[in-house]
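Just so you know, the sequence shown maps onto residues 2 to 207 in the numbering used here. Built from N, CA and C at the ideal position, the CB exists for glycine as well. Remember, it's a predicted structure, so these values are computed and weren't measured experimentally.
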Amino acid sequence: MFRVLDIAILGLLMDRDHHGYEIRTQLRDRLGVWANVSFGSIYPALARLERQGCVEAVTGSETRVNALSTGSLSGERASLRSLRAAPGLGRRGRKVYRITERGRHDFLALLADPATIDDSKNFWLRMALAKYLNAALRVGLLERRRADLVARLAEVRTGANNDQLDSYARKVMNHAAQSVELDLAWIDNSLSTERSNQESFAHDAK
Numbered sequence: 002m003f004r005v006l007d008i009a010i011l012g013l014l015m016d017r018d019h020h021g022y023e024i025r026t027q028l029r030d031r032l033g034v035w036a037n038v039s040f041g042s043i044y045p046a047l048a049r050l051e052r053q054g055c056v057e058a059v060t061g062s063e064t065r066v067n068a069l070s071t072g073s074l075s076g077e078r079a080s081l082r083s084l085r086a087a088p089g090l091g092r093r094g095r096k097v098y099r100i101t102e103r104g105r106h107d108f109l110a111l112l113a114d115p116a117t118i119d120d121s122k123n124f125w126l127r128m129a130l131a132k133y134l135n136a137a138l139r140v141g142l143l144e145r146r147r148a149d150l151v152a153r154l155a156e157v158r159t160g161a162n163n164d165q166l167d168s169y170a171r172k173v174m175n176h177a178a179q180s181v182e183l184d185l186a187w188i189d190n191s192l193s194t195e196r197s198n199q200e201s202f203a204h205d206a207k
């Protein structure tokens, strides 16, 4: 069964191999959607993905060079420090996870599937991994999110106009409307950029 955490883990492994401690750090610092994710969630997810044939686990010594290959000296030093500093992981801390061909296929299919976009967290995760989508899929992702936000804005504005609300409750509703409007402005700007990039690509291809 699909889980959002599975997509996040597979997305991180698309770039390079990671051990569990790195995955936890990257979920917070790179994807920004699981600030409090625990090893109690990550390791069962990795075990599930391994059973499904989406990832494979090897010892850190076998993949050390590949796991540290970040494309920059500073990045490799940071990865090395994280490998050395992972506290209290024991034998499990030496295990490095690598995505398989099946994992790559399943990740791309899940990332592109609109049926798996059912809340705000899912959308922002997909935007963080949108480099793996083609231009048309990125536009579709943004357009679906825009439609959801337009509907949400209408609901919030209706609620803010409820005569039964006191002044404090109305302030909260108005703040909620302003937050949705900011998200809509971001979506519209992103859509404009994506469509402009598509037009430039089509022009260059002629």
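Does the distance from the C-beta atom of residue i to that of residue j stay below 8 Å?
i: Leu143; j: Val181; result: no
i: Lys122; j: His20; result: no
i: Asn175; j: Ala161; result: yes
i: Ile100; j: Leu14; result: yes
i: Ala177; j: Val157; result: yes
i: Leu134; j: Leu154; result: no
Who are the near neighbours of residue i in its chain, counting only those whose CB is closer than 6 Å to its CB and skipping five residues on each side?
i: Lys132; result: none
i: Asp184; result: Leu150
i: Leu192; result: Leu143
i: Leu138; result: Ala113
i: Ala129; result: Leu32
So what does DSSP say about residue i, is it helix, strand or coil?
i: Val181; result: helix
i: Thr60; result: strand
i: Arg103; result: helix
i: Val38; result: coil
i: Leu90; result: Because Leu90 sits at a pLDDT of 42, beneath the cut-off of 50, its placement in the model cannot be relied upon, and the point is left open.
State the CB to CB distance for the pair residue i and residue j, rounded to an integer number of angstroms; the pair is presumed to be in contact (CB under 8 Å).
i: Leu6; j: Gly104; result: Rounded, the Cβ-Cβ distance is 14 Å, inconsistent with contact.
i: Ala58; j: Leu32; result: Not quite, the Cβ-Cβ distance comes to about 21 Å (not below 8 Å), so this is no contact.
i: Glu195; j: Val140; result: 5 Å
i: Asn190; j: Ala136; result: With 8 Å as the limit, Asn190 and Ala136 do not qualify as a contact, their Cβ atoms being about 16 Å apart.
Within a Cβ cutoff of 7 Å, which residues of the same chain sit near residue i, ignoring the five residues on either side of it in sequence?
i: Leu126; result: Val5, Ile8, Ala9, Leu32, Val34
i: Ile188; result: Leu143, Arg146, Arg147, Leu150
i: Leu74; result: Bear in mind that a pLDDT of 47 at Leu74, under 50, signals an unreliable position, so the model cannot answer this.
i: Phe40; result: Gly21, Arg25
i: Glu51; result: Glu57, Ala58
i: Ile43; result: Gly21, Ile24, Arg25
Spatial neighbours of residue i within its chain, please: C-beta separation below 8 Å, excluding the five flanking residues on both sides.
i: Leu47; result: Ile10, Gly21, Ile24, Val56, Ala58, Tyr98
i: Leu109; result: Tyr133
i: Val38; result: Leu6, Arg25, Leu28, Arg29
i: Gly54; result: Thr101, Arg103, Gly104
i: Leu166; result: Gly160, Met174
i: Asp164; result: none
Taking only runs of the alpha helix (DSSP H) that begin and end inside the segment 97-167, which ones reach a length of at least 4 residues, in chain order? 102-113, 121-129, 136-161
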